[in-house]
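Trainee: Starting off with a structure, shown below.
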Amino acid sequence: MNLSRRDFLKATGLSGVGLALASLGLDVATVSAAAKEYKLTGGREFTSVCHFCGCGCGTIGYVKDGKLINLEGAADNPVNRGGLCPKGVGYGYIPNSAERPKCPLYRAPGSDHWEEISWEEAIDRSARALKKARDENWIGQDEANGYKFMSNRTDAIGFIGGSQVNNEECYQLIKMARGLGVV
């Protein structure tokens with residue numbers, strides 16, 4: 025038998041670990057039974073791409089009973105090689121968060137509480153408020169250096185982004201802003 029020094033040290037270390045675990049009363053049958061109750065058992069696996077930035081990190085998610093139960097980086101993805109940044113990891117908690125609103129909420133001016141409203145009412149209120157602000161503050165023509173030119177814009181509407189707005193949402197927001205005349 026040809027045993028190098030490195031192999032001898034590995035075997036000695038593993039033997040020590042095995043003896044230590046055996047002294048703790050670790051039972052192979054118990055470990056096997058626990059492994060069968062692995063949380064992903066019965067879950068449906070899907071692959072996706074994280075959309076919080078332009079990198080395109082690959083993800084593997086697991087859904088069970090209509091809920092996301094696990095999200096991890098895809099090891100075979102050349103961009104992230106199995107890792108995820110804090111935003112990517114946090115994305116797995118968003119769908120199941122107890123604080124995630126399930127319907128539109130409205131807070132009246134001066135009120136200190138939110139009330140649930142329907143999607144139809146939320147869209148209608150938003151559309152009316154946007155149209156009113158745009159129509160009342162529309163600038164069709166500007167003048168600079170003695171020249172008049174068509175500008176078709178409004179300064180009364182603004183858009184604010186945040187760290188939780190993903191690429192697709194940013195794209196839609198900028199398209200909407202330009203369509204409304206926001207410069």
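Okay, so the sequence shown: first residue is 25 according to the working numbering, each after it adds one.
For glycine and all other residues, C-beta sits at the position ideal for the given N, C-alpha and C.
Which of helix, strand or coil does DSSP assign to residue 154?
Mentor: Stepping through the sequence shown from its first residue, residue 154 is reached at position 130. Here residue 154 sits in helix by DSSP.
Trainee: Rank 157, 170, 90 by C-alpha distance to the C-alpha of residue 179 and give the top, closest one.
Mentor: The residue given as residue 179 occupies position 155 in the sequence shown. Selected option, being the one with the closest Cα: 157.
Trainee: Let me confirm a value: residue 36 is counted as buried when at least 16 other C-beta atoms fall within 10 Å, else exposed. Which label applies?
Mentor: As a first step, residue 36 is located in the sequence shown; it is residue number 12 there, counting from the start. Residue 36 comes out exposed.
Trainee: Determine the direct distance from the alpha carbon of residue 99 to that of residue 88, and round the result to whole angstroms.
Mentor: Position 64 of the sequence shown, counted from the first residue, corresponds to residue 88. Position 75 of the sequence shown, counted from the first residue, corresponds to residue 99. Those two C-alpha atoms are separated by around 22 angstroms.
Trainee: Residue 104 and residue 114: beta carbons closer than 9 angstroms?
Mentor: Position 80 of the sequence shown, counting from 1, holds the residue named residue 104. Position 90 of the sequence shown, counting from 1, holds the residue named residue 114. No. Outside cutoff.
Trainee: Here's the rule I'm using: 16 or more other beta-carbon atoms within 10 Å means buried, otherwise exposed. How should residue 81 be labelled?
Mentor: Residue numbering aside, residue 81 sits at position 57 when the sequence shown is read from its first letter. So residue 81 ends up on the buried side.
Trainee: Within this structure, are the beta carbons of residue 181 and residue 154 separated by less than 9 angstroms?
Mentor: One-based indexing of the sequence shown puts residue 181 at position 157. One-based indexing of the sequence shown puts residue 154 at position 130. Taking 9 angstroms as the Cβ cut-off, residue 181 and residue 154 qualify as a contacting pair.
Trainee: For residue 77, is the classification buried or exposed, using 16 other Cβ atoms within 10 angstroms of its Cβ as the cut-off for buried?
Mentor: Taking the sequence shown and counting its residues from 1, the one referred to as residue 77 is at position 53. It is exposed - the Cβ of residue 77 has fewer than 16 other Cβ atoms within 10 Å.
Trainee: Are the CB atoms of residue 5 and residue 123 nearer to each other than 9 angstroms?
Mentor: Look at the range of the chain in this structure, 25 to 207, and you will see that residue 5 is not part of it.
Trainee: What residue range is occupied by the uninterrupted beta strand (DSSP E) comprising residue 85?
Mentor: As a first step, residue 85 must be located in the sequence shown, where it is residue number 61. Its beta strand (DSSP E) spans residues 82–88.
Trainee: Among residues of its own chain, excluding the 5 on either side of residue 141, which ones have a beta-carbon nearer than 6 angstroms to its beta-carbon?
Mentor: For the purposes of this step, residue 141 is taken as the residue at position 117 of the sequence shown. So the qualifying residues of the chain are 128, 130.
Trainee: Using only the alpha-carbon positions, how far apart do residue 92 and residue 116 sit?
Mentor: As a working mapping, residue 92 is identified with position 68 in the sequence shown. As a working mapping, residue 116 is identified with position 92 in the sequence shown. For residue 92 and residue 116, the distance between alpha carbons rounds to 7 angstroms.
Trainee: Would you kindly work out how many angstroms separate the C-alpha atoms of residue 205 and residue 135, rounded to a whole number?
Mentor: As a first step, residue 205 is located in the sequence shown; it is residue number 181 there, counting from the start. As a first step, residue 135 is located in the sequence shown; it is residue number 111 there, counting from the start. Distance between the alpha carbons of residue 205 and residue 135 is about 31 angstroms.
Trainee: Could you check what DSSP says for residue 166 in three-state terms: helix, strand or coil?
Mentor: If you number the sequence shown from 1, residue 166 lands on position 142. Three-state DSSP puts residue 166 in a strand.
Trainee: Whose C-beta lies closer than 7 angstroms to the C-beta of residue 118 among residues of the same chain, with five residues either side of it excluded?
Mentor: In the sequence shown, the residue the question calls residue 118 occupies position 94. Answer for residue 118: 124, listed in chain order.
Trainee: In the structure shown, what three-state DSSP assignment does residue 92 receive?
Mentor: Translated into the one-based positions of the sequence shown, residue 92 becomes position 68. Note: residue 92 maps to strand in three-state DSSP.
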